[in-house]
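In the working numbering, the protein residues as written are 5 to 69. Glycine residues also receive a C-beta, built at the ideal position from the N, C-alpha and C atoms. Single-structure report; data block below.
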């Protein structure tokens with residue numbers, strides 16, 4: 005499991021954009037908390053791939069583990 009923080013994720017629209025981008029790339033969001041902006045996911049993506057995928061939908065990320 006991978007844990008990331010997405011500081012720019014503010015609303016349900018942002019949540020959907022993040023979930024859709026990760027799912028489209030073959031990953032699965034296991035937990036998403038808008039109040040802490042922390043997302044836990046399962047994916048066989050490199051960190052660079054994940055950065056690119058979320059950058060394309062307008063989000064910067066921080067890796068927490």
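**Asked** How close, in whole Å, do the beta carbons of residue 19 and residue 38 come, if the pair is a contact with beta carbons under 8 Å?
**Response** For the purposes of this step, residue 19 is identified with residue 15 of the chain shown, where counting begins at 1. For the purposes of this step, residue 38 is identified with residue 34 of the chain shown, where counting begins at 1. Going by Cβ atoms, the distance from residue 19 to residue 38 rounds to 6 Å, so yes, they are a contact pair.
**Asked** Does the distance from the CB of residue 33 to the CB of residue 8 come in under 7 Å?
**Response** By 1-based counting over the chain shown, the position of residue 33 is 29. By 1-based counting over the chain shown, the position of residue 8 is 4. For residue 33 and residue 8, no; Cβs fall outside 7 Å.
**Asked** If you draw a straight line from the alpha carbon of residue 58 to that of residue 24, how long is it in whole angstroms?
**Response** Translated into the one-based positions of the chain shown, residue 58 becomes position 54. Translated into the one-based positions of the chain shown, residue 24 becomes position 20. Computed Cα separation, rounded: 10 Å.
**Message:** Taking 6 Å as the limit between beta carbons, can you name the residues of its chain near residue 12, skipping five residues before and five after?
**Reply:** Mapped onto the chain shown, residue 12 falls at position 8. Excluding sequence neighbours, residue 12 sits near 63.
**Prompt:** Which class does residue 54 belong to by DSSP, given the choice of helix, strand or coil?
**Reply:** Your numbering for residue 54 matches position 50 in the chain shown. If DSSP states are grouped into helix, strand and coil, residue 54 belongs with the helices.
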